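Chains as they are written, first to last, in the working numbering: chain A, 402 to 608; chain B, 6 to 82.
Positions of the beta carbon are idealized from the N, C-alpha and C atoms, including for glycine.
A quick note: this is a predicted structure, and the numbers were derived from the prediction, not measured.
The next block holds one structure in the form of structure tokens; read it before the comments.
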């Protein structure tokens with residue numbers, strides 16, 4: 402069984418925003434909602450690094466833990482999805498997410514916050530696969546078409562890899578061996594590490 | 006039945022229907038468990054006809070096409 406994950410190679414990302422555009426176009430995402438974005442660290446400084454960030458579909462997803470209405474679920478492929486019919490737009494998931502992935506459309510009056518929207522790993526939602534209702538609420542379901550997320554497949558430099566964890570980590574390992582540098586993987590531990598095996602933070606201690 | 010009685014009967018019937026629509030669905034909340042609609046598997050559709058093996062084959066081909074060191078574009082199509 403495939404275990405779906407994202408992997409961003411900071412050595413390769415050229416900040417072209419192709420992944421952002423692919424995502425927006427694929428799912429017809431409204432203005433103000435960015436399921437995926439590119440973040441540049443040390444922008445303008447020689448040696449700057451860019452990374453493409455979205456929902457990482459964490460192994461032990463904090464959004465699932467804090468949701469007061471339990472609208473999140475995880476598919477057998479390890480994709481974290483949610484039911485928009487249950488979401489109350491409270492924003493707890495946004496505060497819990499280490500990647501800032503949950504997005505809230507704010508097109509109503511008085512700063513009204515709508516139902517949460519996030520990357521679905523192009524796997525739609527609980528509506529019938531590839532139905533109009535699913536597309537409207539969650540975007541296209543590429544996984545049900547036997548395809549991988551549009552952002553990863555459209556990435557020109559293949560900095561962003563998406564798919565079965567074993568396969569993409571093997572691709573990355575090969576790559577690092579061949580180029581001989583850049584083995585640090587941003588966000589991988591935060592998303593797919595095992596926090597329960599790490600020692601608990603001490604009161605007053607520095608993290 | 007006179008016209009007035011008929012109207013009265015219809016009005017009573019309509020108000021009963023309206024009142025029936027006001028009921029709230031009972032919801033049993035299970036702490037920490039997903040409360041929403043069930044989702045289907047990605048291979049439960051017309052394309053893969055319930056074959057998980059076929060779906061995994063398609064995904065694997067797509068996965069491999071991300072590796073430019075051993076890219077096989079033809080198999081991903």
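Take the Cβ of residue 75(B) as the centre, count every other Cβ of all protein chains shown within 10 Å, and call the residue buried at 16 or more, exposed below.
exposed
Does DSSP put residue 434(A) in a helix, a strand or coil?
coil
Can you list, in chain order, the residues of its chain whose CB lies under 7 Å from that of residue 489(A), leaving out five sequence neighbours each side?
Once the five neighbours on either side are set aside, the close Cβ partners of residue 489(A) are 470.
In angstroms with no decimal places, state the Cα-to-Cα distance between residue 573(A) and residue 556(A).
15 Å
So if I threshold CB-CB distances at 9 Å, which residues from the segment 466-478 of chain A count as touching chain B?
466, 470, 471, 472, 473, 474, 475, 476, 477 and 478
What does DSSP give as the partner residues of residue 451(A) in its beta bridges?
441(A)
For chain A, check one thing: does any of its Cβ atoms lie closer than 8 Å to the Cβ of residue 54(B)?
Taking Cβ atoms only, chain A never reaches closer than 8 Å to residue 54(B), which makes this a no.
Could you please give the first and the last residue of the uninterrupted alpha helix (DSSP H) stretch that includes residue 409(A)?
No alpha helix (DSSP H) contains residue 409(A), which is instead part of the beta strand (DSSP E) from 405-409.
Could you check what DSSP says for residue 480(A) in three-state terms: helix, strand or coil?
coil
Determine whether the beta carbon atoms of residue 553(A) and residue 71(B) lie at a separation below 8 Å.
Yes, Cβ-Cβ distance for residue 553(A) and residue 71(B) is below 8 Å.
With burial defined as no fewer than 16 other Cβ atoms inside 10 Å of the residue's Cβ, what is the status of residue 7(B): buried or exposed?
By the Cβ neighbour-count rule, residue 7(B) is exposed, with fewer than 16 other Cβ atoms within 10 Å of its own.
DSSP three-state call for residue 42(B): helix, strand or coil?
If DSSP states are grouped into helix, strand and coil, residue 42(B) belongs with coil.
Mind reading off the beta-carbon distance from residue 458(A) to residue 479(A)? Whole number of angstroms is fine, and I expect it under 8 Å.
6 Å
Could you name the residues of chain B that residue 518(A) contacts, counting a contact when the two beta carbons are closer than 9 Å?
Ordered by position in chain B, no residue passes the 9 Å Cβ test against residue 518(A), which lies about 15 Å from the chain.
Name the chain B residues whose beta carbon is nearer than 7 Å to that of residue 484(A)?
41 and 42
Between 66(B), 51(B) and 34(B), which has its C-alpha nearest residue 545(A)'s C-alpha?
51(B)
Output needed for residue 593(A): all residues of its chain with C-beta closer than 8 Å, excluding positions within five of it in sequence on either side, in chain order.
406, 457, 459, 460 and 566
If we require 4 or more residues per run, which alpha helix (DSSP H) segments fall completely within the segment 509-579 of chain A?
533-539 and 551-555
Please list, in chain order, all residues of the same chain as residue 450(A) whose beta carbon is under 6 Å from its beta carbon, the five residues on each side excluded.
411 and 442
State the start and end residues of the unbroken beta strand (DSSP E) segment that holds residue 505(A).
Counting along the chain, residue 505(A) falls outside any beta strand (DSSP E), and DSSP gives it neither H nor E.
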